[in-house]
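Asks: Have a look at this one before I ask anything.
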Amino acid sequence: EPEVTQTPSHQVTQMGQEVILRCVPISNHLYFYWYRQILGQKVEFLVSFYNNEISEKSEIFDDQFSVERPDGSNFTLKIRSTKLEDSAMYFCASRVTGELFFGEGSRLTVL
Amino acid sequence: AQSVSQHNHHVILSEAASLELGCNYSYGGTVNLFWYVQYPGQHLQLLLKYFSGDPLVKGIKGFEAEFIKSKFSFNLRKPSVQWSDTAEYFCAVIPRGGGGNKLTFGTGTQLKVEL
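Protein sequences appear in the order of chains A and B.
Residues are numbered in the numbering used here as their position in the first sequence, beginning at 1, plus a constant of 1076.
Position 59, counted from 1, in the second sequence is what the numbering used here calls 50; the numbers after and before it change by one each time, with no gaps.
See below:
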């Protein structure tokens, strides 16, 4: 069964460093998403992406964040200068119709 | 914009007890509804979904949910819980139709099943 894959599964970084989280959505899907979940909290929407551009973003998704679909298969989330509060699990998701399919997540720890 | 409320934040049950977790949403149009489960330290897994048709939907692991349109509710139920059902449960909603619409999650319900 096709699935969304994410790398790395866990990344530890120093505050102020740039981080890129990678996702390979399901191949025929058209809509792509990033969500995050701070430990013990709810799953929060960050950004949605369709037709090679951002279609919606939350107020969390400030200038430190960017997304890209560089080669038609990968979908990346870049955090330019990480802060302690960026420590969270980041989930990628994709869909073609009504259901989002989630990856297993990338745990980001900022020290 | 849509919103989702889960009123039970923490639920503790004994094995074999029945479960009902509440979920209400707010949105002016039609929606697709979901319940996700997250076992400790794991990722989100889809339990069940409602798009249209029979408002009583059955999912994996014996879970079911009923969509009541007039109450904007999509409550999750299980007749007899097991210790292995200990997890966090998230209700989620996405507007139907149109591209790029986001899935909005409720705050989650932490279920602990005791032996």
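Cβ coordinates follow ideal geometry from the N, Cα and C atoms, glycine included.
This structure is a prediction, so every number in the text was calculated from the model and none was measured.
#1: Under 9 Å between beta-carbons, which chain B residues line up against PHE1121 (chain A)? List them in chain order, please.
#2: Which chain B residues sit within Cβ distance under 7 Å of LEU1176 (chain A)?
#3: Leaving out five residues on either side along the sequence, give the residues of the same chain with a beta carbon under 7 Å from the beta carbon of GLY90 (chain B).
#4: Reducing DSSP to helix, strand and coil, say where LEU106 (chain B) ends up.
#5: Using 8 Å as the limit for Cβ to Cβ distance, is LYS40 (chain B) near chain A?
#6: Taking Cβ to Cβ, would you say THR1158 (chain A) is nearer than 8 Å to VAL1095 (chain A)?
#7: For GLU1079 (chain A), collect the residues of the same chain with a Cβ closer than 8 Å to its Cβ; drop the 5 residues on either side in sequence, then sort them by chain order.
#8: Using a beta-carbon distance below 8 Å, is ASN44 (chain B) in contact with chain A?
#9: Runs of 3 residues minimum, wholly inside the stretch 1106 to 1144 of chain A: which ones carry the beta strand (DSSP E) assignment?
#10: Name the DSSP bridge partner or partners of ARG87 (chain B)?
#11: I want to see whether chain A comes within less than 8 Å of ASN15 (chain B), judged by CB atoms only; does it?
#12: Leaving aside the five residues before and after PHE96 (chain B) along the sequence, list all residues of the same chain whose C-beta is less than 8 Å from its C-beta, in chain order.
#13: Please name the residue, chosen from B:GLU57, B:VAL22, B:SER75, that lies closest to TYR13 (chain B) on a Cα-to-Cα basis.
#14: Name the DSSP bridge partner or partners of HIS1086 (chain A)?
#15: Decide if LYS103 (chain B) is buried, meaning its Cβ has at least 16 other Cβ atoms within 10 Å, or exposed.
Replies: The short version:
#1: LYS93, LEU94, THR95, PHE96
#2: LEU94
#3: Note that GLY90 (chain B) has pLDDT 49, beneath the 50 cutoff, so the model's placement of it is unreliable and the number below is only indicative. Result list for GLY90 (chain B): empty, nothing under 7 Å.
#4: coil
#5: yes
#6: yes
#7: ILE1102, PHE1177, GLY1179
#8: At residue 44 (chain B) the sequence reads Gly, which differs from the Asn that was named. Closer than 8 Å: no.
#9: 1107 to 1113, 1119 to 1126, 1129 to 1133, 1141 to 1144
#10: Its beta-bridge partners do not exist; DSSP assigns none.
#11: no
#12: VAL(-5), TYR27, PHE81, CYS82, ALA83
#13: The sequence given here has Gly at residue 13 (chain B), not Tyr. Among B:GLU57, B:VAL22, B:SER75, the Cα nearest to that of GLY13 (chain B) is on B:GLU57.
#14: A:ARG1183
#15: exposed
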